[in-house]
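Below: one structure, written as structure tokens.
Protein chains in written order, with this note's numbering: chain U, 9 to 425; chain H, 9 to 425.
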């Protein structure tokens, strides 16, 4: 399978892109390769596709279901009762819907944590994109539950072999307030032995910090440090309530941190200390969080929120500029997840998008990246390619109607009228 | 001219809408009217079209031209040099581009302040939407300039007769730091005599307050109060740096206030005290500000920023909910600008949109308004009707290519390579 994209805007120049199998083979002018498929890139710009570094994809089933509520009421009366009713099939269709939204808005990788691992993994497989998939690991400090979760994860790790390399296994210990120290230590050892990522929530709320101080006499990052969980394979979402010492620990252990501005604002969780983290050379990427707290998976919108929130908070219009915001959703994330993607270069994975530069949001075209981050919405993405396969062309995804119908049927079953 | 929209979701029920001339004639089930045009509303929801209460529309010509810069450098080196080169024809095409973007994202009214009044007004006339148009009134405390501006505005007020009632004249004294007290007093009297609105910027930056205190020994709202400018016909944009006494004055004089969250964040101007203003029963609407500080005119996106910023700042996820955010861009604005629009009811102006409820952003459909505010982007609008005329159908605007070409030509002339 090969694709030739003719005469498109690549890295500020009109060029062609030749894709062979799942890699970008050549970028250059007037390429003469014979390809199975040729795409006209005129009036389009080619960019790396986007990476969403923290989400609970299937939660798009709850989009708009319970907004503007206090956190505990939301969790106790809406989210948790819903989640007890979920089946693997529901999670499959929820994740298919999420993948469809991602493809339509230019995202081809997400870092997920949710129930029913195989529901998620099958959906990603069928949708044609990539994901680091983790099962939510919650033991509520109960040894029996912990043993079950450990068994489950050992099994899931093996079973991931059945999927294509687009799907990678990760551990998903939910948070320090839902997972015992012993289970976290198990995760540390298992992740080291099998070289897998650990995906967790960290210091999302002030309450979490207060509870940790009461319980362990130290702050969350210090607690994780003391049990040896901090390391380059730890991907921590939120990381809002951290002090200077904790930031230094994150840097020292090369922990990866995910900024979720929309979710943080919507739940009024707090302000992500981007400037301090960057000053301390901590690796940062960007995520939408789940569809119940955002309520979409549009990484272009997320980039705008990411940049504007920092500008307002720092009182500095130069804070987190458009190019940085774009990199948080492309090359920074690729590097964290070990993907040779996130920039357009020869030899890289053929994960890319075409954006219509003649749409109203992209007109005029003074500065492509500024337009993408500050003016465009996900609907400005015209073509999405992942792993050398065209998943969307001219805004059309082949199985869109089927996926929407499946998701609607699932929701109708979960919420009978 | 009449339009019948069949079987669409209106105010939570499947109904038909019959439009005759420029009004909504009847809303009900199984309407039997014979119409010139029938639209299939299945899988769609009808909503009032959106109103943008503060913008400088033609500045979309500068979309992405100068982002992430310090304010003074941005104004002195980028915006002002550009504006000195502008012609009326440039402003016409800039405003056409802005109107096209608004139509495509469901907005059919905007409150504008910019150079070349007739460039703006002609564009609005040709685009088929509505606007309150004001010429930027700046005298820089120079009597000759002030006299010129007064002459100009008197003339423009008369000349507005040449346009359809979709265009209304407003006065646009730019701000207290660019307009003399005498000119503001003239504006007060002229507005009273001719019953027109006064559109201004107010207390956008802390600097403005400090300068006002130094110059007049009082705060901006107090200063305007003392010269008699506060009144129900004053529409003040930004209104960030106001104290409790000023908020009380705004309430007492029924001043209308416009919240511009995206612009305020991008320029790090400050935090709009929504909760305090609402508690004091001040009328609030929503605006995008100009395309150089946003960088789009997407009112659905603006509603999301509006709500989320308040939630984070107040530490309260229930602050400014989706329904309130939607009303800021619909019925609140309609009431401020004296338009019988902003809700779908019989007798109201036929200014409405249809949204495709089967798009991925609207799936599932637990709560229409939540989906619109938190999940959708402007591209989810399918059909836009203003004054009883279909301006967009199935995402297509008749003269889109012509407008984009005109705008591109204008930009090419303004920024020769």
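Using N, Cα and C, we set each Cβ at its ideal position, and we do this for glycine too.
This structure is a prediction, so every number in the text was calculated from the model and none was measured.
Beta-carbon proximity list for residue i, same chain, < 7 angstroms, skipping 5 on both sides
i, result
"residue 331 (chain U)", "377"
"residue 142 (chain H)", "120, 121, 178, 179, 180, 207"
"residue 248 (chain H)", "211, 212, 272, 277, 278, 279, 280"
"residue 327 (chain H)", "283, 318, 319"
Rounded straight-line distance, which links the Cα of residue j to that of residue i
i, j, result
"residue 241 (chain H)", "residue 197 (chain H)", "12 angstroms"
"residue 318 (chain H)", "residue 216 (chain U)", "23 angstroms"
"residue 350 (chain U)", "residue 191 (chain H)", "55 angstroms"
"residue 293 (chain U)", "residue 374 (chain H)", "31 angstroms"
"residue 77 (chain U)", "residue 84 (chain U)", "11 angstroms"
"residue 254 (chain U)", "residue 193 (chain U)", "20 angstroms"
"residue 60 (chain H)", "residue 9 (chain H)", "27 angstroms"
"residue 278 (chain U)", "residue 397 (chain U)", "39 angstroms"
"residue 171 (chain U)", "residue 365 (chain U)", "36 angstroms"
"residue 151 (chain H)", "residue 62 (chain H)", "28 angstroms"
"residue 281 (chain U)", "residue 82 (chain U)", "26 angstroms"
"residue 336 (chain U)", "residue 287 (chain H)", "39 angstroms"
"residue 415 (chain U)", "residue 102 (chain U)", "6 angstroms"
"residue 358 (chain H)", "residue 244 (chain H)", "27 angstroms"
"residue 148 (chain H)", "residue 343 (chain U)", "53 angstroms"
"residue 113 (chain H)", "residue 387 (chain U)", "12 angstroms"
"residue 325 (chain H)", "residue 202 (chain H)", "44 angstroms"
"residue 423 (chain U)", "residue 68 (chain U)", "14 angstroms"
"residue 302 (chain H)", "residue 91 (chain H)", "18 angstroms"
"residue 75 (chain U)", "residue 297 (chain H)", "27 angstroms"
Own chain, CB closer than 6 angstroms to residue i, minus 5 neighbours either side, in chain order
i, result
"residue 168 (chain H)", "177"
"residue 39 (chain H)", "24, 26"
"residue 41 (chain U)", "12, 26"
"residue 399 (chain U)", "111, 136, 392"
"residue 109 (chain U)", "305"
"residue 124 (chain U)", "96, 99"
"residue 406 (chain U)", "none"
"residue 264 (chain H)", "243, 291, 344"
Proximity test, Cβ basis, 7 angstroms: residue i and chain U
i, result
"residue 422 (chain H)", "no"
"residue 316 (chain H)", "yes"
"residue 325 (chain H)", "yes"
"residue 114 (chain H)", "no"
"residue 271 (chain H)", "no"
"residue 360 (chain H)", "no"
"residue 275 (chain H)", "yes"
Chain H contact for residue i (CB, 7 angstroms cutoff)
i, result
"residue 413 (chain U)", "no"
"residue 375 (chain U)", "yes"
"residue 371 (chain U)", "yes"
"residue 171 (chain U)", "no"
"residue 297 (chain U)", "no"
"residue 75 (chain U)", "yes"
"residue 71 (chain U)", "yes"
"residue 378 (chain U)", "yes"
"residue 304 (chain U)", "yes"
"residue 383 (chain U)", "yes"
"residue 268 (chain U)", "no"
"residue 404 (chain U)", "no"
Chain-ordered neighbours of residue i on chain C, where CB pairs are closer than 7 angstroms
i, result
"residue 108 (chain U)", "The structure shown has no chain C; the protein chains it does contain are U and H."
Close beta carbons around residue i, own chain, < 8 angstroms, minus the five adjacent residues each side
i, result
"residue 145 (chain H)", "157, 161, 179, 180, 181, 182, 187, 191, 195"
"residue 352 (chain H)", "18, 19, 25, 32, 35, 54, 55, 56, 360"
"residue 50 (chain U)", "14, 15, 16"
"residue 233 (chain U)", "257, 261"
"residue 214 (chain H)", "249, 278"
Closer than 6 angstroms: residue i CB and nearest the ligand NAP heavy atom
i, result
"residue 276 (chain U)", "As far as ligands go, the structure on display features none, and thus does not contain the ligand NAP."
Closest by C-alpha distance to residue i, when choosing among the options
i, options, result
"residue 412 (chain U)", "H:420, H:367, H:412", "H:367"
"residue 107 (chain U)", "U:128, U:153, U:425", "U:128"
"residue 285 (chain H)", "H:262, H:275, H:302", "H:262"
"residue 52 (chain H)", "H:420, H:408, H:390", "H:390"
"residue 402 (chain H)", "H:362, H:58, H:140, H:94", "H:362"
"residue 219 (chain H)", "H:204, H:316, H:235, H:185", "H:185"
"residue 45 (chain U)", "U:37, U:28, U:58", "U:28"
"residue 79 (chain U)", "H:394, H:323, H:409", "H:323"
"residue 200 (chain H)", "H:66, H:131, H:236, H:22", "H:236"
* Indicate whether the contact test is met: 3 or more Cβ pairs, each with one atom in the segment 264–271 of chain H and one in the segment 217–231 of chain H, closer than 8 angstroms. => no
* Would you say the segment 306–317 of chain U touches the segment 378–392 of chain U, given that touching needs at least three Cβ pairs under 8 angstroms? -> yes
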